[in-house]
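Protein chains: 2
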Amino acid sequence: MTAPVCSDCAVRDRALCGALDDVQLGALNRLGRRRRLAAGERFAWAGDESDVCANLLSGILTLTTSSLGGEEQIVGLLYPADFVGRPWATRADFTVTALAPAELCVFPREGFERVLAEHPAMERLLLERTLAALTEARGRMLTLARGSAEARIAGFLLDIAARAGGCSGAPGLPVTFDLPLDRAGIARLLGLTIETVSRRLTRFERDGLVRLPARRAVTILDPDALARLAAG
Amino acid sequence: MTAPVCSDCAVRDRALCGALDDVQLGALNRLGRRRRLAAGERFAWAGDESDVCANLLSGILTLTTSSLGGEEQIVGLLYPADFVGRPWATRADFTVTALAPAELCVFPREGFERVLAEHPAMERLLLERTLAALTEARGRMLTLARGSAEARIAGFLLDIAARAGGCSGAPGLPVTFDLPLDRAGIARLLGLTIETVSRRLTRFERDGLVRLPARRAVTILDPDALARLAAG
DNA sequence: GACCAACTTTGACCGCGGTCAAGGAAGCGG
DNA sequence: CCGCTTCCTTGACCGCGGTCAAAGTTGGTC
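First to last, the sequence lines map onto chains P and E. The numbering of the first sequence is the UniProt record's numbering, which starts it at 1 and goes up by one. The numbering of the second sequence is the UniProt record's numbering, which starts it at 1 and goes up by one.
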C-alpha cells in the first residue's frame, strides 16, 4: 500500500486544507497520518490531555459531554471535511466517538499550529468555520431549552434529510435516507429518552408525516408539516 | 469633550485590541466610534443586515434568538472586553440587547476585517476566543437539555457569583452580589418560566443555601451544596 | 432453523415544570 | 402619601415526558 497523499484526499477541497495550494500542502502531507476508527471507537476523551487534531475524511463522529450522573449528551456531530480538536488547548473539551467506521487525517497539534501560523488563509478558514459552528451551537440551544420532544425530533429529521438526502430527488417527492444514529443516539443528541424518541417517531408515522421502512431508514412524506412542528 | 482614545480605554488590554501595540492601535482608533446603549436598547436584530462589530467597554449585553412562537431564548451573555458581531457575515445571527446601560466601541465591519487581516495576532486572539465561546456554548447545551430547573438555577448562581463576586472575600465567607438579570431574564437564559425561577430561588432560601436580601441581590451561603445540585 | 444479544416498541404510572390566576412588594411620579 | 406600574411570589391544576417493566423485532452465529 502506498502512502496516501493529499492530492488524492477525498476532502481535499472541502477541509481546511482547501486553503492551501498543492505546494503548501506538502508540509501537511508529511505531518498527517491516516487513522481508521471502528464504529464506537473513541478518538479523544473529555478532560484528558490531547496533543492531536485531525480532519475527518469519512464517517461520522460525535462530540459528547457527560454529567456527573453518567448520562452523555451529544453536543455536536462531525461530518467528512470537518475539523476535529482545538488548537492551543492542551486537553480535549469533549469526547470524540466514531458513530460509524471513520477515517481521520491526524496531525500533532503543535505542528498543526505552526502550519496555521504560516498560512493565514488556513487560519482564516478555521476562524470562519468556528464562528459558524458557534452560531449553530447557539441556535441549537433554543431547541434544547424550549422545544417539545415533537419539535426536536421533527427538526432533527429535517436536518438529517437536508444533509443526507438533500441532493437526491425533486422537491415534493418523498426523500428517503438512513439515520446516522440509533434511537439511543437520537435521544442523546436531543436530550430525550429512547422511549420518547420511539413514541414520537411512531406517531409521526401514524399521522402520515413519515414512513419508517427499516430501523435506520426514514422517508419524509410531509416536510412542510414537520417544519411547522419543528418551529414549535 | 475630547475624542476618546484607545490608550485610555477601560478594556485596552483585555479586549481584542490587547493584541496590538500602541502604534498599531492608531488605525483602530480612527476606525472606532463610541456608542452608548440605554438599558433595553438593541444593537442588532437577528436576521437583519449588519455591517458593524464592536468591543463591549462596559455594561452587559445579551444574545437572543426567538422561536416563531415569539418566546426569546438568551443564548449568550457578553461582558466588558467581549467582542460583538461576526466578521465576514452580512447579517446578524442574534439579537443584541443591553441589559444595563452599556458602552461600545463600534467598528465598520469591513474596516475591522481589514485590520484583522493586517494583524495576525489579533485574528489569532479572535480565533482563540471563538473556540472558547464554542466550548462554553456546547457545555451549556448539556445543562439546557438535561438539567432540572434546580440544577440550572444552582449553576447559574455559581456562574454569576464567580464572575461578579469572585474577586471579593476569602473562600468560605458568604459572597453577595447583584444579579445582572431580573427573574424574566433568568428564565429566558435557562429555558424556564418566571414562576419556576421564583419558586426555586425561594426554596433555596428556605433551605439555607442562599439569602435574597433584595430583588436583584443574592448571598451564597452554601456554595458546595449548590455545586452538588448543579451537577445533577 | 434455533438461539441469543441488541435494539425497538408499547403500556402504566407519576413527578416536574408549565399554565392560569390572584395577590403582594417595591419603585416612582404626582 | 397616594396611586400606578412593574416585578415578584404563591397557589391550584394538568400535561408532557421520564421511569419502570415487559413484549416484540431484527440481525447475526452456529
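Every residue gets a Cβ at the ideal spot worked out from N, C-alpha and C, and that includes glycine.
Would residue i be called buried (16 or more neighbouring beta carbons within 10 Å of its own) or exposed?
{"i": "P:Ala44", "result": "buried"}
{"i": "E:Arg109", "result": "buried"}
{"i": "P:Ala38", "result": "exposed"}
{"i": "P:Val23", "result": "exposed"}
{"i": "P:Leu173", "result": "exposed"}
{"i": "E:Thr202", "result": "exposed"}
{"i": "P:Gly208", "result": "exposed"}
{"i": "P:Pro223", "result": "buried"}
{"i": "P:Pro213", "result": "exposed"}
{"i": "E:Gly40", "result": "exposed"}
{"i": "E:Ser7", "result": "exposed"}
{"i": "E:Arg206", "result": "exposed"}
{"i": "E:Arg42", "result": "exposed"}
{"i": "E:Ala117", "result": "exposed"}
Which residue wins for smallest C-alpha separation from residue i, given the options the options?
{"i": "P:Arg215", "options": "P:Asp182, P:Glu205, P:Asp13, P:Val197", "result": "P:Asp182"}
{"i": "E:Val5", "options": "E:Leu125, E:Gly32, E:Ala19", "result": "E:Gly32"}
{"i": "E:Arg124", "options": "E:Ala19, E:Leu25, E:Ala230, E:Asp13", "result": "E:Ala19"}
{"i": "P:Val115", "options": "P:Val11, P:Arg206, P:Asn29", "result": "P:Asn29"}
{"i": "E:Ala164", "options": "E:Arg14, E:Ala217, E:Ala145", "result": "E:Ala217"}
{"i": "P:Pro180", "options": "P:Leu173, P:Arg228, P:Arg188", "result": "P:Arg188"}
{"i": "E:Thr62", "options": "E:Asp82, E:Asp48, E:Val52, E:Ser50", "result": "E:Asp82"}
{"i": "P:Leu226", "options": "P:Ile153, P:Leu192, P:Arg129", "result": "P:Ile153"}
{"i": "P:Ala27", "options": "P:Leu209, P:Phe112, P:Ile194", "result": "P:Phe112"}
{"i": "P:Ala231", "options": "E:Leu16, E:Gly191, E:Gly69", "result": "E:Gly69"}
{"i": "E:Arg36", "options": "E:Glu72, E:Ser58, E:Cys17", "result": "E:Ser58"}
{"i": "P:Pro80", "options": "P:Arg146, P:Leu229, P:Cys9", "result": "P:Cys9"}
{"i": "E:Ala102", "options": "E:Asp13, E:Leu56, E:Ser67, E:Leu158", "result": "E:Leu56"}
{"i": "P:Arg34", "options": "P:Ser67, P:Glu49, P:Ala54, P:Pro87", "result": "P:Ala54"}
{"i": "P:Leu25", "options": "P:Arg42, P:Ala121, P:Ser67", "result": "P:Ala121"}
{"i": "P:Gly147", "options": "E:Glu49, E:Phe204, E:Leu158, E:Glu72", "result": "E:Glu72"}
{"i": "P:Leu48", "options": "P:Arg12, P:Asp13, P:Arg86, P:Cys17", "result": "Here the sequence assigns Asp to residue 48 of chain P, which means Leu is not the residue at that position. For P:Asp48, the nearest C-alpha among the options comes from P:Arg86."}
{"i": "E:His119", "options": "E:Asp21, E:Ser50, E:Ser198, E:Asp178", "result": "E:Asp21"}
{"i": "P:Phe204", "options": "P:Ala151, P:Asp159, P:Asp178", "result": "P:Ala151"}
If you measure from the beta carbon of residue i to each beta carbon in chain E, is any gap under 8 Å?
{"i": "P:Val210", "result": "no"}
{"i": "P:Phe94", "result": "yes"}
{"i": "P:Val75", "result": "yes"}
{"i": "P:Glu118", "result": "no"}
{"i": "P:Leu63", "result": "yes"}
{"i": "P:Trp45", "result": "no"}
{"i": "P:Ala231", "result": "yes"}
{"i": "P:Arg146", "result": "yes"}
{"i": "residue 236 of chain P", "result": "Chain P is shown only over 1 to 232; residue 236 of chain P falls outside these bounds and no answer can be derived."}
{"i": "P:Thr193", "result": "no"}
{"i": "P:Ala133", "result": "yes"}
{"i": "P:Ser50", "result": "no"}
{"i": "P:Arg200", "result": "no"}
{"i": "P:Leu68", "result": "yes"}
{"i": "P:Arg215", "result": "no"}
{"i": "P:Arg86", "result": "yes"}
On the premise that residue j lies in contact with residue i, defined as a C-beta separation below 8 Å, what is that separation, rounded to the nearest angstrom?
{"i": "E:Gly185", "j": "E:Leu99", "result": "7 Å"}
{"i": "E:Thr65", "j": "E:Ala89", "result": "That belief does not hold up - the Cβ atoms of E:Thr65 and E:Ala89 are roughly 15 Å apart, past 8 Å."}
{"i": "P:Val84", "j": "P:Leu104", "result": "7 Å"}
{"i": "P:Val175", "j": "P:Val106", "result": "Not a contact, Cβ separation roughly 34 Å."}
{"i": "P:Arg210", "j": "P:Thr196", "result": "Residue 210 of chain P is actually Val in this sequence, not Arg. With 8 Å as the limit, P:Val210 and P:Thr196 do not qualify as a contact, their Cβ atoms being about 16 Å apart."}
{"i": "E:Gly191", "j": "E:Leu229", "result": "Contact flag wrong, Cβ pair sits at about 17 Å."}
{"i": "P:Ala137", "j": "E:Leu134", "result": "6 Å"}
{"i": "E:Arg200", "j": "E:Ala149", "result": "6 Å"}
{"i": "P:Leu127", "j": "E:Leu78", "result": "Their Cβ separation, rounded to whole angstroms, is 19 Å, which puts P:Leu127 and E:Leu78 out of contact at 8 Å."}
{"i": "P:Arg91", "j": "E:Met141", "result": "P:Arg91 to E:Met141, Cβ: 19 Å. No contact."}
{"i": "P:Leu131", "j": "E:Thr130", "result": "6 Å"}
So is residue i in contact with chain P if we call contact Cβ pairs under 8 Å?
{"i": "E:Gln24", "result": "no"}
{"i": "E:Glu128", "result": "yes"}
{"i": "E:Met122", "result": "no"}
{"i": "E:Glu71", "result": "yes"}
{"i": "E:Arg206", "result": "no"}
{"i": "E:Ala137", "result": "yes"}
{"i": "E:Leu16", "result": "no"}
{"i": "E:Arg35", "result": "no"}
{"i": "E:Arg140", "result": "yes"}
Closer than 7 Å to a non-hydrogen atom of the ligand MG - does that hold for the CB of residue i?
{"i": "E:Ile160", "result": "Because no ligand of any kind appears in the structure shown, any question about the ligand MG cannot be addressed here."}
Determine contact between the stretch 77–96 of chain P and the stretch 92–108 of chain E, defined as no fewer than three beta-carbon pairs at a distance below 8 Å.
-> no
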